[in-house]
Amino acid sequence: MANYADRVIDQVIARDPNQVEFIQAVKEVLETLSPVLKADKKYEENSILERIVEPERVIMFRVPWVDDSGKVKVNRAFRIQFNSAIGPYKGGLRFHPSVNLSILKFLAFEQVFKNSLTTLPMGGGKGGSDFDPRGKTDGEVMRFCQSFMSELSRHIGSNTDVPAGDIGVGAREIGYLFGQYKKLRKEFTGVLTGKSLNWGGSLIRPEATGYGCVYFVEEMLKHNSDSLEGKVVTISGSGNVAQFACEKVNDLGGKVVSFSDSDGTIFDPEGIDDEKLAYVMDLKNIQRGRIRNYVEKYQGATFVKGNPWSIDCDIALPCATQNEISSSDAKNLIKNNCLAVSEGANMPTTPNAVECFQEANVLYGPGKAANAGGVAVSGLEMSQNSIRTNWTRGEVDSKLKSIMQSIHEQCITTAEHYDCHGDYVTGANIAGFTKVADSMIDQGVV
Ligand code: NDP
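One gets the working numbering by counting positions in the sequence shown from 1 and adding 615 to each.
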């Protein structure tokens, strides 16, 4: 008879055969849990896996809004409240045309284990809509956000569910969402994170995911008696996570040579220094332009279709989206002597590509560990909101750094404990799982 994890994976596939991203994420976690499931039968006796793969609640709603020409548009939106065993649901909102139930369930499922690893009291959730903010005016984005929040406000709250940003949801969208929540609920409360500094935001929150991803790779290198100094780094994406990953690599003496977006990749062999990064931040965040514009400004750079994974590098930081490193991309990176991969994005590496990295002994930091810095500082934003204070930039950054070090340590010691030396995937999954699973058992069948 198949083992416990395999039986639950089969049930998930039978129940939702079309949810490919969700099935991929469930397999990735459950397939690494065998050592802990074998060592302690209480998880099977309490049907923990059957319960942990099923969201506590899924809310799906329509978002009608009016565009600038007066036409009524309708989008579909979701909030997945996946698991609240260790705290209120916490996880971002994604606005992107590809958004569907499978993608949001995968992201919410990952979030459960990621949040557990941060050491902070946060459950897992995720939400979003198939709305595409690209090419929309500020007024259209505002009307969409207001309509979205008119429904979502019934389901969230500072002690129940605290959303944040993700792809397509940055400072502008969080502002419109917060304004509408405040109007409807008549309360000024920490119901969203990623807020602006003037109205409850935390210093370092915008930087946190990118910085954290680089702190994580720094820990992996340090653990192997190496450092970022002088390393050539490829980064995909050019949004929030990519930009601040670049800033931290520059700080720590590395050289970033690429950015990308869904149109293609720019390669700058001389390196994207702080001045060039300031141009990219203005281009993407203020002008809302495309990354190919970079080569008009910096003549030594080239633009190519596709992703950055055929460029020579020591370190790769995928910071765009899911499944953006295929096995052939992984083979290219390995051939080019890439030492380490740290995932700023969620599940950017396909399962076959993960196997390639592990077989080639590339240091591989999975997203639920490497990009947990964002939600960790969101947790710190919630704490500051609760006690009505603001910590300094230095205070938040040092808390972020020590959380990333603690996540690295948990991965290493858990993998060691289960005889999987250096396997960050197994370490992260088991460490994240046990805290949530034990809490579920403590709280009974709910
Ligand atoms: P942004 O919207 O700021 O940037 C996303 C970037 O990725 C853009 O450059 C975008 O290009 C590119 N991108 C998106 N989809 C695709 C695609 N299908 N193919 C190629 N490029 C694509 O999002 P974030 O930087 O916030 O998020 C990036 C990743 O990091 C996501 O996986 C997110 O889940 C993850 N993450 C984010 C956290 C955060 O705090 N923001 C926290 C933890 C993880 P284009 O403009 O062409 O769409």
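By construction, the Cβ of each residue, glycine as well, lies at the ideal position given by its N, Cα and C atoms. Just so we're clear, the structure is a prediction, and the values are computed from it rather than from any experiment.
Reference Asp621; option with closest CA among Phe637, Val635, Asn633, Leu645:
Position 6 of the sequence shown holds residue 621. Answer by Cα proximity: Leu645.
Leaving out five residues before and five after Asn1000 in sequence, what residues of the same chain have Cβ atoms less than 6 Å from its Cβ?
Translated into the one-based positions of the sequence shown, residue 1000 becomes position 385. So the qualifying residues of the chain are Gly805, Gly815.
Express the C-alpha separation of Met896 and Glu636 in angstroms, rounding to a whole number.
If you number the sequence shown from 1, residue 636 lands on position 21. If you number the sequence shown from 1, residue 896 lands on position 281. Rounded to whole angstroms, Glu636 to Met896 spans 30 Å at the Cα level.
Closest by C-alpha distance to Arg903, when choosing among Leu867, Phe763, Arg749, Ser993:
In the sequence shown, counting from the first residue as 1, residue 903 sits at position 288. The shortest C-alpha separation from Arg903 is found at Arg749.
Near the ligand NDP: Ala786 beta-carbon under 7 Å from a heavy atom:
Working through the sequence shown from its first residue, we reach residue 786 at position 171. Ala786 Cβ: outside cutoff for every heavy atom of the ligand NDP.
State yes or no: is the C-beta of Pro670 within less than 8 Å of the C-beta of Lys705?
Residue mapping note: residue 670 aligns to position 55 of the sequence shown, counting from 1. Residue mapping note: residue 705 aligns to position 90 of the sequence shown, counting from 1. Taking 8 Å as the Cβ cut-off, Pro670 and Lys705 do not qualify as a contacting pair.
Inter-residue CB distance, Ile663 and Lys1050 (contact presumed, cutoff 8 Å)
If you number the sequence shown from 1, residue 663 lands on position 48. If you number the sequence shown from 1, residue 1050 lands on position 435. Contact doesn't hold; Cβ gap of about 12 Å is too wide.
Strand pairing of Lys686, partner residues [DSSP]:
If you number the sequence shown from 1, residue 686 lands on position 71. DSSP lists no partner for Lys686.
Whole angstroms is fine: what's the gap from Gly1037's alpha carbon to Ala1030's?
Within the sequence shown, the letter at position 422 stands for residue 1037. Within the sequence shown, the letter at position 415 stands for residue 1030. Distance between the alpha carbons of Gly1037 and Ala1030 is about 7 Å.
Do you know how far the Cα of Trp1006 is from the Cα of Pro923?
The count along the sequence shown starts at 1 and reaches residue 923 at position 308. The count along the sequence shown starts at 1 and reaches residue 1006 at position 391. Between the alpha carbons of Pro923 and Trp1006 lies a distance of about 37 Å.
In terms of residues, what are the limits of the alpha helix (DSSP H) holding Phe793?
Here the question's residue 793 lines up with position 178 in the sequence shown. First-last of the alpha helix (DSSP H) with Phe793: 786 to 800.
Mind checking which residues open and close the beta strand (DSSP E) that includes Ile850?
One-based indexing of the sequence shown puts residue 850 at position 235. Per DSSP, Ile850 belongs to the beta strand (DSSP E) from 847 to 850.
Three or more C-beta pairs below 8 Å linking the segment 928 to 941 and the segment 855 to 871:
yes
Who pairs with Gln973 in a beta bridge, going by DSSP?
Residue numbering aside, residue 973 sits at position 358 when the sequence shown is read from its first letter. Gln973 is bridged by DSSP to nothing; it lacks a bridge partner.
Met1019, DSSP secondary structure in three states
Residue mapping note: residue 1019 aligns to position 404 of the sequence shown, counting from 1. Met1019 falls in the helix class under three-state DSSP.
Counting only the same chain and skipping the five closest in sequence on each side, list residues whose C-beta sits under 7 Å from that of Val977.
Taking the first residue of the sequence shown as 1, we reach residue 977 at position 362. Closer than 7 Å at Cβ, skipping near neighbours: Ile949, Cys953, Leu954, Ala955, Val956.
Identify whether Ala700 lies in helix, strand or coil by the three-state DSSP scheme.
The sequence position of residue 700 within the sequence shown is 85, counting from 1. In this structure, Ala700 counts as coil in the three-state DSSP scheme.
Taking contact to mean at least 3 C-beta pairs separated by less than 8 Å, is the segment 734 to 748 in contact with the segment 989 to 998?
Segments in contact, yes.
Own chain partners of Asp682 with C-beta closer than 6 Å, once the 5 adjacent residues on each side are dropped:
Your numbering for residue 682 matches position 67 in the sequence shown. Correct list, in chain order: Lys688, Glu755.
Kindly confirm or deny that the segment 851 to 860 and the segment 1040 to 1048 touch, where touching means at least three C-beta pairs closer than 8 Å.
Not touching, per the Cβ criterion.
The ligand NDP and Glu833: does the residue's C-beta get closer than 7 Å to at least one heavy atom of that ligand?
Position 218 of the sequence shown, counted from the start, is the residue given in the question as residue 833. With a cut-off of 7 Å, the C-beta of Glu833 is classified as distant from the ligand NDP, since no heavy atom of the ligand falls inside that distance.
Can Ser943 and Thr965 be called in contact, C-beta distance under 8 Å?
Taking the first residue of the sequence shown as position 1, residue 943 is located at position 328. Taking the first residue of the sequence shown as position 1, residue 965 is located at position 350. It is not a contact, given that the beta carbons lie outside the stated cut-off.
Among Leu716, Lys751, Val727, Leu708, nearest to Leu767 - alpha-carbon criterion:
Your numbering for residue 767 matches position 152 in the sequence shown. With distances taken between Cα atoms, Leu767 lies closest to Leu708.
DSSP three-state label for Ile695, please.
Position 80 of the sequence shown, counted from the first residue, corresponds to residue 695. Ile695: strand per DSSP, three-state reduction.
Counting pairs of beta carbons, one from the segment 911 to 918 and one from the segment 877 to 896, are three or more of them closer than 8 Å?
Counting Cβ pairs under 8 Å, three or more are found: they touch.
Got a sec: does the ligand NDP put a non-hydrogen atom nearer than 7 Å to the Cβ of Gln639?
Sequence index remark: in the sequence shown, residue 639 carries index 24 (1-based). No; taking the cut-off as 7 Å, the Cβ of Gln639 has no heavy atom of the ligand NDP nearer than that.
State buried or exposed for Ala617, treating a residue as buried only when at least 16 other CB atoms are found within 10 Å of its CB.
Mapped onto the sequence shown, residue 617 falls at position 2. The residue in question, Ala617, is exposed, as its Cβ has fewer than 16 Cβ neighbours within 10 Å.
Distance check for Lys1016 and Ser842, CA to CA, integer angstroms please.
Residue numbering aside, residue 842 sits at position 227 when the sequence shown is read from its first letter. Residue numbering aside, residue 1016 sits at position 401 when the sequence shown is read from its first letter. Their Cα atoms are separated by approximately 16 Å.
Is Val651 near the ligand NDP, judged by its Cβ being under 7 Å from some heavy atom?
The residue labelled residue 651 in the question sits at position 36 within the sequence shown. Val651: no, Cβ never under 7 Å from the ligand NDP.
Spatial neighbours of Asp796 within its chain, please: C-beta separation below 6 Å, excluding the five flanking residues on both sides.
Along the sequence shown, read from residue 1 onward, the residue named residue 796 stands at position 181. Per the sequence presented here, residue 796 reads as Tyr, with Asp not at that position. So the qualifying residues of the chain are Met764, Ser768, Val806.
Compute the beta-carbon to beta-carbon distance between Tyr894 and Lys912, rounded to the nearest angstrom, for a pair I have assumed lies under 8 Å.
Translated into the one-based positions of the sequence shown, residue 894 becomes position 279. Translated into the one-based positions of the sequence shown, residue 912 becomes position 297. With 8 Å as the limit, Tyr894 and Lys912 qualify as a contact, their Cβ atoms being about 6 Å apart.
Using CA coordinates, which residue listed in Lys801, Asn839, Cys928, Asp878 is at the minimum distance from Thr849?
To locate residue 849, count along the sequence shown from 1; it is residue 234. Nearest of Lys801, Asn839, Cys928, Asp878 to Thr849, Cα basis: Cys928.
If you drop the 5 nearest sequence neighbours on each side, which residues of the same chain put their C-beta closer than 6 Å to that of Lys846?
Position 231 of the sequence shown, counted from the start, is the residue given in the question as residue 846. Within the same chain, Gly869, Asp929, Ile930 come within 6 Å of Lys846 by CB-CB distance, once the 5 residues on both sides are set aside.
Beta carbon of Gly742, beta carbon of Met1019: below 8 Å?
Here residue 742 refers to the residue found at position 127 when the sequence shown is read from its first residue. Here residue 1019 refers to the residue found at position 404 when the sequence shown is read from its first residue. No, they are not a contact pair.
Between Asn633, Ser925, Gln761, which lies nearest to Trp680 when the distance is taken from Cα to Cα?
Sequence index remark: in the sequence shown, residue 680 carries index 65 (1-based). Closest option to Trp680, Cα to Cα, is Gln761.
Check whether the Cβ of Gln937 lies closer than 7 Å to any heavy atom of the ligand NDP, and answer yes or no.
On the sequence shown, position 322 is the one that residue 937 refers to. Correct: Gln937 has its Cβ closer than 7 Å to the ligand NDP.
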